[in-house]
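Participant:
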Amino acid sequence: MKGIKLNKRAQGFTLIELMIVVAIIGILAAIALPAYQDYTVKSQVGGAYSEVTSVKSQFEVAKNLGKTPSVTDSDEGYVGQTAAGGTYCTLAVTATTIVCTAKGGNPDKFNGKTITLTRSAEGVWSCTTNLDAKFRPGDCTASS
Numbered sequence: 010m011k012g013i014k015l016n017k018r019a020q021g022f023t024l025i026e027l028m029i030v031v032a033i034i035g036i037l038a039a040i041a042l043p044a045y046q047d048y049t050v051k052s053q054v055g056g057a058y059s060e061v062t063s064v065k066s067q068f069e070v071a072k073n074l075g076k077t078p079s080v081t082d083s084d085e086g087y088v089g090q091t092a093a094g095g096t097y098c099t100l101a102v103t104a105t106t107i108v109c110t111a112k113g114g115n116p117d118k119f120n121g122k123t124i125t126l127t128r129s130a131e132g133v134w135s136c137t138t139n140l141d142a143k144f145r146p147g148d149c150t151a152s153s
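Printed below as a string of structure tokens:
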């Protein structure tokens, strides 16, 4: 079987096509990477929000029993999570708040940010955070 002969013009055209494909792939990657990073931050925020809201029920139990909510497991008002928290949060608890300080994620957009749940005297919870608006959980407002 004879090999197919390409003239130099056809070979050059093939190289140009390959260069165009590489350029297109580069452009798509430049668009996709920031979108993927935002997606991962949103999932980390979802995990952190889940961790901090899971403490609310034990916080309520402690309050209803007249105990001071605590993240120390030897305290009577222990809320079921230690200060180390879970995968995405370190926790701090006061008599009226649960604060999640983000850890283990994107260093610029997630780590060090806080999600704060505050319980009013009437037992109504509110959420504030210093996360960027595009990452903020739906029922949270910007902290001042």
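Residues 10 to 153, numbered by the working numbering, are exactly what the sequence shown covers, in order.
The beta carbon of each residue, even a glycine, is placed where N, CA and C say it ideally should be.
Small disclaimer: the values here were computed from a predicted structure and weren't measured.
If you run the structure through DSSP and keep just helix, strand and coil, what is LEU42?
Facilitator: Indexing the sequence shown from 1 puts residue 42 at position 33. Helix at LEU42.
Participant: Opposite ILE163 in the DSSP bridges: which residues?
Facilitator: Here the chain has residues from 10 to 153 only, and residue 163 is not among them.
Participant: So, under 8 Å CB-CB, VAL54 and LEU126 are touching, yes? Tell me the CB distance rounded to an integer number of Å.
Facilitator: Residue numbering aside, residue 54 sits at position 45 when the sequence shown is read from its first letter. Residue numbering aside, residue 126 sits at position 117 when the sequence shown is read from its first letter. About 14 Å; that fails the 8 Å criterion.
Participant: Which of the three DSSP states is assigned to THR91 in this structure?
Facilitator: Here residue 91 corresponds to residue number 82 of the sequence shown, with the count starting at 1. DSSP places THR91 in coil when its eight states are reduced to three.
Participant: Starting from SER135, trace the beta strand (DSSP E) in both directions and tell me its first and last residue.
Facilitator: Your numbering for residue 135 matches position 126 in the sequence shown. SER135 -> beta strand (DSSP E) spans 134-138.
Participant: Got a sec? Which residues, its chain only, sit under 6 Å from GLU85 by beta carbon, not counting five neighbours each side?
Facilitator: For this step, residue 85 is matched to residue 76 along the sequence shown. These residues qualify, in order along the chain: LYS76.
Participant: To the nearest angstrom, how far is it from the Cα of CYS5 to the Cα of SER129?
Facilitator: As displayed, the chain neither begins before 10 nor continues past 153, which places residue 5 out of reach and without an answer.
Participant: I want to know whether the segment 97-109 touches the segment 55-62 - three or more CB-CB distances under 8 Å.
Facilitator: Cβ pair count under 8 Å is three or more, so yes.
Participant: Out of curiosity, what's the CA-to-CA distance linking ALA151 and PRO78?
Facilitator: Counted from its first residue, the sequence shown places residue 151 at position 142. Counted from its first residue, the sequence shown places residue 78 at position 69. Answer to the nearest angstrom: the Cα atoms are 25 Å apart.
Participant: Can you tell me whether ILE124 is buried or exposed? The criterion is at least 16 other CB atoms within 10 Å of its CB, across all chains shown.
Facilitator: Here residue 124 is taken as the residue at index 115 of the sequence shown, counted from 1. Flag for ILE124 reads buried.
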